[in-house]
Amino acid sequence: MTILTDSYGRRIKNMRISITDKCNFRCVYCMPAEGLPWLPKSAILTYEEIARLARVAVDLGVEQIRLTGGEPLVRRDVPELVRLLHAIPGLRSLSLTTNGTRLPQLAGPLAEAGLTRINVSLDTLIPHKFFQLTRRDALAGVLAGLEALEAYPQIHPIKVNAVAMKGFTEDEVLDFAALARRKPYVIRWIEFMPLDADGIWRKEDILTGAAILAIIEAHYGPMVPVTGGDKSETARRYRFPDGVGEVGFINPVSEPFCASCDRIRLTAEGGLRTCLFSEEETDLRAILRGGGSDDDLAAALHAAVQHKELKHYINDTRFKRTKRSMSMIGG
Ligand code: SAM
Ligand code: SF4
Numbered sequence: 055m056t057i058l059t060d061s062y063g064r065r066i067k068n069m070r071i072s073i074t075d076k077c078n079f080r081c082v083y084c085m086p087a088e089g090l091p092w093l094p095k096s097a098i099l100t101y102e103e104i105a106r107l108a109r110v111a112v113d114l115g116v117e118q119i120r121l122t123g124g125e126p127l128v129r130r131d132v133p134e135l136v137r138l139l140h141a142i143p144g145l146r147s148l149s150l151t152t153n154g155t156r157l158p159q160l161a162g163p164l165a166e167a168g169l170t171r172i173n174v175s176l177d178t179l180i181p182h183k184f185f186q187l188t189r190r191d192a193l194a195g196v197l198a199g200l201e202a203l204e205a206y207p208q209i210h211p212i213k214v215n216a217v218a219m220k221g222f223t224e225d226e227v228l229d230f231a232a233l234a235r236r237k238p239y240v241i242r243w244i245e246f247m248p249l250d251a252d253g254i255w256r257k258e259d260i261l262t263g264a265a266i267l268a269i270i271e272a273h274y275g276p277m278v279p280v281t282g283g284d285k286s287e288t289a290r291r292y293r294f295p296d297g298v299g300e301v302g303f304i305n306p307v308s309e310p311f312c313a314s315c316d317r318i319r320l321t322a323e324g325g326l327r328t329c330l331f332s333e334e335e336t337d338l339r340a341i342l343r344g345g346g347s348d349d350d351l352a353a354a355l356h357a358a359v360q361h362k363e364l365k366h367y368i369n370d371t372r373f374k375r376t377k378r379s380m381s382m383i384g385g
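With my numbering applied, the sequence shown covers 55 to 385.
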């Protein structure tokens with residue numbers, strides 16, 4: 055099989071798969087308070103369809119798969135899907151992005167099924183701010199979910215992702231940094247992107263990774279960059295000067311990493327997207343359900359990847375918001 059490579063020579067190694075558009079939170083930077091018109095069950099790919107597509111993608115050079123949503127853990131029997139994907143020869147990493155609320159029940163079954171990495175989203179450690187942001191009173195549940203993960207060292211590292219927003223994030227930067235030193239968590243701040251359903255994003259609200267690093271360094275002294283590893287790594291990583299703990303910054307707006315982007319994304323209903331900000335999708339569900347062969351799926355993947363966008367234009371007058379917001383894409 056020919057390896058998936060786009061027209062700019064970027065090899066595709068990473069596939070994000072959204073397994074549901076539904077969520078039990080309503081984060082202000084993602085979903086409207088009233089939710090969205092959910093997809094009917096019949097529109098969503100089955101676990102067998104997802105696993106078949108994943109097998110074809112891995113044959114074409116995809117090495118890492120991350121399950122996401124919506125909230126992936128609100129879908130039933132996710133460990134069953136993890137088991138199917140874990141069995142694919144050649145898949146090097148299988149991970150999940152979650153808001154963490156269902157981890158107290160699911161951390162064990164996910165670990166047993168073969169999950170190797172996890173990202174838990176947590177933007178604040180203060181209950182009333184958590185409610186303001188997610189519109190749900192669920193901070194204790196997320197913290198319990200993180201604790202539950204610590205019993206399963208096979209899921210490693212535990213990454214905690216926080217969306218950084220000016221006026222919201224700054225006063226807790228040092229508390230999160232302290233958490234990264236106290237617990238086996240890697241805390242990473244992600245710049246807010248214009249993918250919210252309510253259209254509240256404003257460039258002025260971005261709190262850059264550099265600004266957060268400055269807050270940490272003012273307290274702890276110069277941080278030590280962690281270099282090496284994967285060149286398509288999106289996070290700038292730093293160790294504390296005394297070597298206890300690590301933090302990271304994902305800066306898609308202030309320091310775009312499009313030149314080394316190795317990702318494709320599959321929406322819950324089987325749309326293949328080659329960029330978070332894609333205006334077009336390739337309908338893989340139609341091929342899956344229309345009797346298409348694995349070769350047909352491979353050909354569709356190659357054709358889509360040929361049109362992978364050079365970059366996003368968030369910092370440019372050419373920027374256009376996509377029709378889909380983050381939970382409908384799979385962040
Ligand atoms: N529900 C899961 C969760 O929240 O982790 C998985 C899906 S969520 C869409 C994936 C990630 O996208 C989360 O870390 C979330 O914080 C992030 N996200 C959502 N909207 C965003 C935005 N407008 N800008 C930056 N990150 C965003
Ligand atoms: Fe749900 Fe994740 Fe979007 Fe928050 S960011 S509303 S948890 S999908």
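All residues carry an ideal CB built from backbone N, CA and C; glycine is no exception.
- Within the chosen limit of 6 Å, the ligand SAM reaches the beta carbon of M380 through at least one heavy atom.
- When C-alpha distances from G115 are compared across T321, L107 and T122, the shortest belongs to L107.
- Residue environment analysis places K374 among the exposed positions, since fewer than 16 neighbouring C-beta atoms fall within 10 angstroms of its C-beta.
- Excluding five sequence positions before and after E134, the CB atoms of its chain that fall closer than 7 Å to its own CB belong to Y101, given in chain order.
- Pairing L93 with E323 gives a Cβ-Cβ distance under 7 Å.
- Scanning L164, Y62, T188 and G123 for the CA closest to the CA of E88 turns up T188.
- The three-state secondary structure of F184, taken from DSSP, is helix.
- Beta-bridge partners of D296 (DSSP): none assigned.
- Runs of the alpha helix (DSSP H) lying entirely within the segment 216-262 and spanning at least 4 residues, in chain order: 227-236.
- Residue nearest to R120 within the set D113, K76, T155 and V174 is V174 (criterion: CA-CA distance).
- For V132, the enclosing alpha helix (DSSP H) begins and ends at V132 to H140.
- Bounds of the alpha helix (DSSP H) holding S381 are M380 to I383.
- The residue from H356, A234, K220 and M380 with its alpha-carbon nearest to that of T262 is K220.
- Distance from S308 to T376 at the Cβ level is roughly 20 Å; contact not present, criterion being Cβ atoms closer than 8 Å.
- In terms of Cα proximity to D296, the closest of R290, P276, R64 and P310 is P276.
- The closest heavy atom of the ligand SF4 lies 6 Å or more from the beta carbon of M219.
- The beta carbon of V128 is closer than 8 Å to those of T74, K76, C77, N78 and R156 in its chain, skipping five residues each way along the sequence.
- Distances from the CB of C84 to the heavy atoms of the ligand SAM include at least one below 6 Å.
- In this structure, L228 has its beta carbon at no less than 6 Å from each heavy atom of the ligand SAM.
- A direct Cα-Cα distance of roughly 7 Å separates L150 from R171.
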